[in-house]
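Numbering (our numbering), first residue to last: 2 to 318.
One structure is given below, encoded as structure tokens.
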Ligand SMILES: Cc1cc2nc3c(=O)[nH]c(=O)nc-3n(C[C@H](O)[C@H](O)[C@H](O)COP(=O)(O)OP(=O)(O)OC[C@H]3O[C@@H](n4cnc5c(N)ncnc54)[C@H](O)[C@@H]3O)c2cc1C
């Protein structure tokens with residue numbers, strides 16, 4: 002059957018052999034592996050390639066002698082930029098994807114539609130926002146940055162309000178061992194077990210909460226959110242705290258474009274449940290395999306899957 006556009010039904014011309022959504026370790030590995038077997042890809046990334054790796058100060062579980070995230074990210078980025086068969090669409094976000102029998106159409110935030118026989122979706126996970134937490138009341142459109150994106154220099158001498166007790170708090174403190182930053186950490190009872198590693202830290206004030214009402218105000222000089230927060234403690238006692246910046250430590254949830262993706266109850270996209278033209282790679286697969294090396298492995302495997310499926314050497318999933 003001839004390829005037709007899922008949107009218009011008109012005959013479609015492929016933009017590449019493969020569209021890759023997400024330029025993290027999984028997407029970059031897919032692009033590299035695809036090129037190595039002669040497949041042309043388009044790689045879509047709204048931010049910088051491997052942007053998340055730039056915030057990992059120390060690595061101890063990656064082969065190749067890399068001991069920091071930025072070192073690995075620079076190396077991957079350089080290699081992808083030299084990969085002739087990969088066209089990088091930086092600064093673009095995929096907003097939806099649609100499948101037909103023999104092709105996939107990916108719509109970008111510019112409205113442009115790209116078409117290819119296969120798509121690899123490797124969009125990873127993003128931070129949960131206050132609107133996702135029933136114990137927080139905040140303006141509905143408020144979008145805060147996760148703590149791991151905090152810049153130690155800007156935070157120096159400041160008070161940060163941290164919403165949630167997820168593990169990146171310990172990572173932040175280890176990355177800035179001598180900083181004069183004060184952390185007010187407010188968290189629900191479900192996070193009690195997570196804050197053990199920071200309980201004795203003198204820079205941290207723990208504020209266990211039943212409910213938090215947040216009144217954010219944007220600080221013009223840094224474009225970060227300051228806050229006044231009314232906290233109702235576990236004993237029903239109320240207190241008001243003020244902070245220079247507000248960051249999230251609520252955990253993460255899968256990030257994926259809308260359209261023909263099959264999601265589980267938590268929003269992950271299990272690889273085995275998708276349309277045969279859609280292959281999932283990296284953190285988006287499940288909460289269990291969220292590591293750099295497993296992302297690289299799954300991205301590479303995803304590209305090889307499309308290569309063999311194109312040649313009818315294995316049945317498309
Ligand atoms: C603070 C922190 C510390 C970590 N430390 C380690 C560690 O020490 N060792 C380790 O192995 N792992 C670590 N990890 C986990 C590791 O970073 C991830 O497992 C890995 O980055 C997953 O790669 P990925 O390509 O699946 O997803 P990501 O790296 O999340 O990349 C996904 C990409 O998709 C892009 N994207 C999202 N939505 C869209 C869209 N709609 N259209 C186009 N692009 C989109 C994003 O901009 C992003 O660049 C850490 C993670 C964090 C947050």
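We put the beta carbon where it would ideally sit given N, CA and C, even for glycine.
Flag this pair as touching only if the stretch 195 to 211 and the stretch 235 to 247 have three or more C-beta atom pairs under 8 Å; answer yes or no.
yes
DSSP-derived helix/strand/coil call for residue 275:
Here residue 275 refers to the residue found at position 274 when the chain shown is read from its first residue. Three-state result, residue 275: coil.
Whole angstroms is fine: what's the gap from residue 125's alpha carbon to residue 196's?
Within the chain shown, the letter at position 124 stands for residue 125. Within the chain shown, the letter at position 195 stands for residue 196. For residue 125 and residue 196, the distance between alpha carbons rounds to 25 Å.
Is the beta carbon of residue 113 within less than 6 Å of some heavy atom of ligand 1?
Residue 113 sits at position 112 when you count from the first residue of the chain shown. Residue 113 Cβ: outside cutoff for every heavy atom of ligand 1.
Where do the N-terminal and C-terminal ends of the alpha helix (DSSP H) with residue 37 fall, by residue?
Taking the first residue of the chain shown as position 1, residue 37 is located at position 36. First-last of the alpha helix (DSSP H) with residue 37: 26 to 37.
For residue 129, tell me which candidate among 162, 146, 80 and 198 has the shortest Cα-Cα distance.
The count along the chain shown starts at 1 and reaches residue 129 at position 128. Closest option to residue 129, Cα to Cα, is 146.
CB-CB length for residue 67 against residue 161, believed under 8 Å
Translated into positions along the chain shown, residue 67 becomes position 66. Translated into positions along the chain shown, residue 161 becomes position 160. Between residue 161 and residue 67 the Cβ distance is about 29 Å, and since that is not below 8 Å, they are no contact.
Consult DSSP for residue 8 and reduce its assignment to one of helix, strand or coil.
Within the chain shown, the letter at position 7 stands for residue 8. With a pLDDT of only 48 at residue 8, under the threshold of 50, the placement of this residue in the model should not be trusted, and no figure is reported.
Beta-carbon separation of residue 157 and residue 174 under 7 Å?
Taking the chain shown and counting its residues from 1, the one referred to as residue 157 is at position 156. Taking the chain shown and counting its residues from 1, the one referred to as residue 174 is at position 173. No, the Cβ-Cβ distance between residue 157 and residue 174 is not below 7 Å.
Is it the case that the CB of residue 252 approaches a heavy atom of ligand 1 more closely than 6 Å?
Translated into positions along the chain shown, residue 252 becomes position 251. Flag unset: Cβ of residue 252 not near ligand 1.
Is it the case that the CB of residue 46 approaches a heavy atom of ligand 1 more closely than 6 Å?
As a working mapping, residue 46 is identified with position 45 in the chain shown. Within the cutoff, so yes.
With a cut-off of 8 Å on the beta carbons, I'd call residue 300 and residue 31 a contact; round off their distance for me.
Counted from its first residue, the chain shown places residue 300 at position 299. Counted from its first residue, the chain shown places residue 31 at position 30. Yes, residue 300 and residue 31 are in contact; Cβ-Cβ is about 4 Å, under 8 Å.
Which of helix, strand or coil DSSP assigns to residue 247:
On the chain shown, residue 247 is found 246 positions in, with the first residue counted as 1. DSSP places residue 247 in strand when its eight states are reduced to three.
Helix, strand or coil: which one does DSSP assign to residue 134?
The residue given as residue 134 occupies position 133 in the chain shown. DSSP places residue 134 in coil when its eight states are reduced to three.
What number of angstroms, rounded off, separates the C-alpha of residue 266 from the C-alpha of residue 288?
What you label residue 266 is simply residue 265 of the chain shown in a count that begins at 1. What you label residue 288 is simply residue 287 of the chain shown in a count that begins at 1. So the alpha carbons of these two residues sit roughly 12 Å apart.
Whose C-beta lies closer than 8 Å to the C-beta of residue 81 among residues of the same chain, with five residues either side of it excluded?
If you number the chain shown from 1, residue 81 lands on position 80. Result list for residue 81: 24, 29, 32, 33, 44, 50, 87 and 89, in chain order.
Are there any heavy atoms of ligand 1 lying less than 6 Å away from the beta-carbon of residue 293, as far as the coordinates show?
The sequence position of residue 293 within the chain shown is 292, counting from 1. Checking the Cβ of residue 293 against ligand 1 gives yes.
Cα separation between residue 58 and residue 70?
To locate residue 58, count along the chain shown from 1; it is residue 57. To locate residue 70, count along the chain shown from 1; it is residue 69. Roughly 6 Å between the two C-alpha positions.
Please look up how many angstroms separate the CB atoms of residue 127 and residue 228, rounded, as I've assumed it's under 8 Å.
Translated into the one-based positions of the chain shown, residue 127 becomes position 126. Translated into the one-based positions of the chain shown, residue 228 becomes position 227. About 21 Å separates the CB atoms of residue 127 and residue 228; that is not less than 8 Å, and the two are not in contact.
Under 7 Å between the Cβ atoms of residue 22 and residue 122?
Residue mapping note: residue 22 aligns to position 21 of the chain shown, counting from 1. Residue mapping note: residue 122 aligns to position 121 of the chain shown, counting from 1. Yes, Cβ-Cβ distance for residue 22 and residue 122 is below 7 Å.
Starting from residue 305 and walking both ways along the alpha helix (DSSP H), at which residues does that stretch end?
To locate residue 305, count along the chain shown from 1; it is residue 304. 293 to 311 is the span of the alpha helix (DSSP H), which, as asked, contains residue 305.
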